[in-house]
Amino acid sequence: MLTKAIASLENGRVSSRWHGILLTCLLGVGVTLSVLLFVKVRGWEKESAQADFERLAQERVSVLQQEYQTQIEVLRATSALFAASESVTRGEFSIFAEAFLRVHESLFSLQWVPRVAGDERAAYEESARRDGFSDFHFRQQDPSGAMRPADPRDEYCPVYYVEPYERNEAALGFDNMSVQSPRLEALYRARDTGRPAACAQVALVQGTRHSRGVVFYAPVYRKGAPRDTVEARRRNLEGYAVAVFRVEDLLQEALRGTVPHLIDCHLFDVSEPNGGQYLASHPPRAGSEVSAAALQSGPHFSTPVTVAGRQWLIVCTPSFGLRQDSPMGLAPLILVAGLVITVLIIAYLGQMLRELARIRNLAVQREHAKRFLETEVDRRREAEESLRAISSRYEATLSAVSDIIMEVDVEGRYTWANPAALAFFGPDAVGRPVSAYLSDGTDGCEPLKPLFQGLRTSLSLENWQRDKDQNEYLLSWRCHPLRDRDGQVSGAVLSARDVTAQRQIEDGLRASEARLRSSNRALVTISECNQALVRTSEETELVQGICRAIVDSGGYRMAWVGYADDDEHGAIRPVAWAGENAQDERPAGAVWARMDDEQSPVGRSLREQQAVFVRDVALEPAYAPWRDEEFVQGHSCALLLPLVTEGKSFGVLSIYADYASAFDVDAVNLLSGLANDLAYGISALRTRAELVRALETTQMLARFPAENPNVVFRVTFDGMLLYANSAAAPVLAAWQCEVGQPLPEEWRRHVARSLDEGTHIEIECVCGECIFAFTLAPVVEAGYVNLYGSDITARKHAEEAQAASEARFRVIFESAGMGMALANIQGCPIKSNPALHGMLGYTEAELTAMTFAEFTHPDDVNLDWGLFSKLVENKIDRYQIEKRFIRKDGQLVWVRLTVSPVRKPDGTLLFALGMVEDITAHKRAENERLRLVMAIESAAEAIVVTDTHGVIEYVNPAFERVTGYTREEVVGQNPRILKSGAQDDDFYRDLWHSILRGEVWTGQFSNKRKDGRIYHEDATISPIRDAAGNIVNYVAVKRDTTREVELEQQLRRTQKLEAIGTLAGGIAHDFNNILQSILGFAEVAKAELPENNSIRLCLDEILTAGMRARDLVAHILAFSRQSSPQVRPMKIQSILKEIRGLLRGTIPSTIEIDFKLSGDCGPVLADPTCIHQIVMNLCTNAYHAMRESGGKLTVSLEGMSIDESQAGASLEVPPGAYARLTVADTGHGMPPSVLERVFDPYFTTKQQGQGSGLGLSVVLGIVKELKGAISVESRVGEGSRFEVLLPLCVQNTGSPDDPYSSEYDLSKALRGTERILLVDDEVSILRTMRVFLISRGYDVKTCSNGMEALELVRAVPHHFDVVVTDQTMPQLTGLQLAKELAIVRPDLPVVLCTGYSDLVDEATARNRGLRAFVTKPFTPLALTTAIRQALQGASEGVA
Amino acid sequence: MPRVLVVDDDAQIRRLFRMALEGEGYEVHEAGDGVAALSHFAEIRPELVITDVMMPEKDGLETILEIRRAAPQARILAVSGGGQLNVLTCLVMARNLGADAVLAKPVQVNALLDIVRQLFERPCGEGACGE
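Chains as they are written, first to last, in our numbering: chain A, 1 to 1439; chain B, 10001 to 10131.
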């Protein structure tokens, strides 16, 4: 339940009900545990208290017993006093008793009670009276309790001596025999048993105090009288020593030393069957008695004791003190503590549960908050998206409008400009101050201040601005404040429109008004002039009208207008004039005015485009030439006004008056305005004329609309088609309309609308497959509309295609699985797609705030940035790299990044599109693959990969090493190039059969290397499958086992030879015996026959065949004994001596044998068997060469040294000291052809079956092995001579004097007398060894197999000191035997003898616990040394 | 007449040696193994013992050892065809154990007779042949 409650807690679904149950459970468990503990502890306490009580009681009992014993001793001492003394006087007794009385307070009195016969009474009474007790007489108690003289009886037992006398006066003389009292019984008991006896309690009187007492009687017998029987004791009783004790004092005295108030002790006399009589208590009880039975009903400890023949009972009860003293019960404490802890735990747990609930509530609240935040974030993201959309729409709009739109900050600097603004002000407008473009140089910021100060929410103003080409335009601005997030004005948005032309017209009108408001005359003049201006549509007429108006209405004397001709002199050509004397002829002054005339006011006015006032013509030097003329005479002042249009003066208006005041300031201003009006009017007339001309031209051109490639229609106001050019055919076809017919309804409406609005309307429409853009141009006056249409199909399609392309791009960008990002030329991402976010773990906002370098692995930054820079510089068109990005979580992502530029038409980079492909997995796989490749490349095994046809696709370096083929040579080849032919076709068929089925094939090949050598390999060929399970390749893993195969073959060969050797050895003995008989008898028979007997020939054949057989045996033996040579320093001489003996027995006497042995030839490093084989083979060859004809065999040995020159020249040995062994014969010799091949294996000149052909090759092999050389000289008919050079042994470490014989020289072998058990299955070896060992003094017992040896040792384990055993035996090998022996007798040393092929080396043997080890063939020395070693090991082991 | 004891387990060889030696005038006794050889030796006290090395029961090496112990002056010629032990080994051991001369089987009858002659020309029990 608890578990469930906790589980529900964890699940967060806990209810208060569960809390309650849990807490109740805990309360129950806590209370139960506390109560259990309380009960248990109380039990312990009780047991402990009982034990304490019993211990204390026991202590008291034993003290009491001791005290009682002490008192008895006092009595005994008293009786002993009387028994030991002839007589004891009253005084002596007093002294004696005093000592005890002083010590023992409980001793109430000590008495001497003699046995007095009836007749002695008087004498005793008399004696006592003499001692000072004048009224002494024997007394007894009458039934009333009063004392009276004793009645006469046969005997008395009066209290004769008593100490202390003072409190015992009444007792003196009291006859114990007088009453039938308890005393009498005790008296007799003491007398009859001879031991102290106590009587039942008696009342004692000491002073006034009554107390209980006990009287002890100790009998005293006559000295020397017998007391062995009751009768004798009764007869010889002399008296009693009596001790009276107060029981209570006895108790108090005994327990004085104990701790008071712990135990109450009570004494009862239980001798009588009446249930016990109370004696005393400790501590003393005042008056009241208790019964034993009552005490024993409660907690008590009681022990019966025998006190001088009485049975007493000691009852101990715990006193109040003990109960007080017992430890304050621990149990209640535990109970209380347990309950308190339980309550605390429950309180804590309750608190915890409440806390838990609170935490859960918090978690739920947090979850709600989190959800709310997430929703909020989503909402915000949506808002941002829509904001972005609005922003882009806004930007697009700003870019499209033709109005200038700019933003300005509060500092008065342009912060942003739309394309129209940039086109106007130039590309560098942003960042420049507003005033930079103001023509009047005023502070452009000033007018904006109300906006900036928040006083106005919009503002309109006009000012003159210079465009980028410094042309001035009047711009009309609308200004609106820009507010930042806090509502503070951060700048203004300004939009402007060019109103220059409009203003010019307005200004002109305004000037006219001003002039009209001028002086009357001028006004009249102006009015007239204006009328003229308005009225006149012809220039000359206008000018003439003006002049006339000035003169007629203005009252000026004369006015004329001259145009400055554009000739080289700038002559002024008068075109109109009016005034006096000017009716018919040109004004006189007009002809001489020239533009280039420095002096001429007219020229100056023209040049300077200013009004020039000549105050007095007569005084003007410029007029000097004409001063005398009437013209000048009549005019006193003149005003020359230039006619200026579009900044250029084209003429002059000259006004003459006869008084200067006619040209006051207002008049001048008005007249200047008039001149301007005139100029404007002229200009307007000229413009109109030009327009008329242009219109005429246009109309003329319009006459040829047929040639226009664009569609041209003319439609009447009611929609009737008046005209259509040839290009309109497709449209008309689509509309199914012809000239003279009305247009389709829709178009009729458009035409009507155009005429109504009087403006151009542009309409796009689809006609068939084409799209046309029509401009409806109404000709209102004429009441018709021209329609101009152009085919925009291609453009439309292009636009649609672009829009579609953009949409496609967006979809691709957003949904691409590949990461994509747009970056600006600083390499910062400005847009990125979800795939990239997923790849890098950053959101778009985070990415936009970073540069690519920030999340690129530092090692890759330079590469990427270098390429990006080239891209920016337009040096490369795109690039692709593999690089590492760093994810937000810090992990590396390998990516393939492809960056393509998006450029402006001029080639500068707009932004770069990066496509990012996550190749981390690919990279990992690639690394994995690289590792695998490394492993394969460095593998020791040759690895070949082929396709399914067996064509090699790959080989590793090990393959190259093994086969000798390089990779280039074998790739594309079939593995059959390695075929050696050792395997047949079936082999390969099986192989292919296996692997085609998809199985793994394993097997061995013998293949051929490139150099033709054969090698062996273990191969495993496995299929490789693709993902679909199809076999795509085969891989062969091959291990070169050539060396192993060779070693195996070598081992097999060795084992074979050894087997042959064993076999040959086995038969050699018998075979030689047989041959001995054949040859011997043939020889004897031959000797018996006369020379010419034909049977001798037969015997010769027998002898020859026998010799061949003998040689064959010798060869087989020699050849088969190729056991590992054991080289050591040895002298050749000794071996040669042996061979000489052998040869003598075998070579016929027709051959002379000569041995020349030089003693000074030093030892060589060799195996004696090898030297033996060399010499025997050479000698056998020599014998064969001389067998038929006889001759001389010479064997010689000498030391020699070979110097550099000899070594280099003919001999194939290094310089040094050598032993030269020569075997020469005088036989048939050899021809050169034979001589060349004499050492070749299996080459023989003997007939088939006569020789093995191995002899000399064996010799050559041995010599080479010993680092020597052999040479041969031979001449046909003269004989052959073999010379063997063997290097002399340099270090003379051993004892080379006679190694061969020493090996078998028993005198060198170690002696011993131990008992040896020899075990070998080869009986001959067993015997030989036995002889050796016996000759060395050992006691030898042999066994031919292991089981037998084991049985023997088991039977008599300690009969042998050492066991020498062969390893290779049937049933039980040497090692197994050793193991078994170790069980029987662990200390028995074992020497193991092993052969070459036993594969047991010394280390193995020692590991198996063998003491010594000998390799066969062994020498007596080696064997006895090993035995000695084993025995020593054993003795050390024992020691 | 010098007494020769021929010891060989091969009866045919004993007969061969007897024939050859008796032809030369020696008194020849035969023994089939080492045990018989020792009893015969004690009985007839031959001047020369020619013994095979490899024999059943008590072989030649043991025989040589014991004869040499019993009669240090006796002449002993050991003959062996080898066997499990190399001929040379057999014979070298035989000589070391006390044989005066050794011969490898099969032995030329003439060579045998030469050796026997040489042994009788020399005082007993000294050195090997040919010295």
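Glycine included, each C-beta is placed from N, C-alpha and C at the ideal position.
Quick caveat: nothing in here was measured; it's all calculated off a predicted structure.
> Which residues in chain A sit within 7 Å of Gln10012/B, going by Cβ to Cβ distance?
Replying inline: Ser1077
> I think Phe174/A touches Gly213/A, with their Cβ atoms under 8 Å apart; what is that distance to the nearest whole Å?
Replying inline: Incorrect: roughly 14 Å between the Cβ atoms, too far for contact.
>> Strictly under 7 Å for the Cβ-Cβ distance: is Ala10020/B near chain A by that measure?
In response: yes
> What does Pro1148/A reach in chain B if we use C-beta pairs closer than 7 Å?
Replying inline: Gln10108
> Are Leu1317/A and Ala1349/A touching if we call contact CB-CB under 7 Å?
Replying inline: yes
>> Give me the residue from Leu776/A, Thr375/A, Asp756/A and Asp791/A with the minimum Cα distance to Gly768/A.
In response: Asp791/A
>> To be precise: take each residue of the region 1329-1346 of chain A, compare its Cβ to all Cβ atoms of chain B, and keep it if any distance is under 9 Å. Which residues remain?
In response: Arg1330, Val1331, Phe1332, Ile1334 and Ser1335
>> Let me make sure I understand the geometry here. Which of Phe301/A, Thr415/A, Leu110/A and Pro709/A has the alpha-carbon closest to that of Phe216/A?
In response: Leu110/A
> Helix, strand or coil: which one does DSSP assign to Ala821/A?
Replying inline: strand
> Anyone know if the C-beta pair for Leu721/A and Leu743/A falls short of 7 Å?
Replying inline: yes
> With a Cβ-Cβ cutoff of 7 Å, do Leu1326/A and Thr1342/A count as a contact?
Replying inline: yes
>> Distance check for Ala218/A and Ala186/A, CA to CA, integer angstroms please.
In response: 10 Å
>> The beta strand (DSSP E) that contains Gln111/A, what's its start and end?
In response: Leu107 to Pro114
> Measuring CB to CB, does Gly239/A end up less than 7 Å from Arg115/A?
Replying inline: yes
> Distance, Cα to Cα, Leu1075/A vs Arg976/A?
Replying inline: 57 Å
> Three-state secondary structure (DSSP) at Ala939/A?
Replying inline: coil
>> Using a 10 Å radius around the Cβ and a threshold of 16 neighbouring Cβ atoms, would you call Lys1038/A buried or exposed?
In response: buried
> What is the residue span of the beta strand (DSSP E) that Arg246/A lies within?
Replying inline: Leu237 to Arg246
> Whose C-beta lies closer than 6 Å to the C-beta of Tyr842/A among residues of the same chain, with five residues either side of it excluded?
Replying inline: Lys888
>> Buried or exposed for Asp119/A, going by 16 or more other Cβ atoms inside 10 Å?
In response: exposed
> Within the chosen definition, does the region 1179-1190 of chain A reach the region 1145-1154 of chain A through at least 3 CB pairs nearer than 8 Å?
Replying inline: yes
> If you measure from the beta carbon of Ala10037/B to each beta carbon in chain A, is any gap under 7 Å?
Replying inline: no
>> What would DSSP say about Met1130/A, mapped onto helix, strand or coil?
In response: strand
>> Helix, strand or coil for Leu1421/A? Go by DSSP, reduced to three states.
In response: helix
> Do Gly1227/A and Gly1191/A have their CB atoms nearer than 7 Å?
Replying inline: yes
> Measuring CB to CB, does Trp464/A end up less than 7 Å from Ser439/A?
Replying inline: yes
> Are the C-beta atoms of Val1084/A and some chain B residue less than 7 Å apart?
Replying inline: yes
>> I'd like to know whether the C-beta atoms of Val113/A and Val159/A end up nearer to each other than 7 Å.
In response: yes
>> Can you tell me whether Phe1239/A is helix, strand or coil according to DSSP?
In response: coil
>> Residues of chain B with CB closer than 7 Å to the CB of Ser1444/A, please, in chain order.
In response: Coverage of chain A is limited to positions 1 through 1439, which leaves residue 1444/A absent and any answer about it impossible.
>> Using only the alpha-carbon positions, how far apart do Ile1427/A and Arg1128/A sit?
In response: 22 Å
>> Three Cβ pairs or more, each shorter than 8 Å: is that satisfied between the region 1082-1094 of chain A and the region 10106-10114 of chain B?
In response: yes
> According to the Cβ coordinates, are Arg1315/A and Asp1339/A closer than 7 Å?
Replying inline: yes
>> So, for Arg10075/B: in the same chain, excluding its five sequence neighbours on each side, which residues have a beta-carbon less than 8 Å away from its beta-carbon?
In response: Glu10047, Leu10048, Val10049, Asp10100, Leu10119, Phe10120, Cys10124 and Gly10125
> Candidates Gly91/A, Asp142/A and Gln140/A: which alpha carbon is nearest Ala128/A's?
Replying inline: Gly91/A
> From Tyr879/A to Ala1028/A, what does the alpha carbon distance come to, in whole angstroms?
Replying inline: 36 Å
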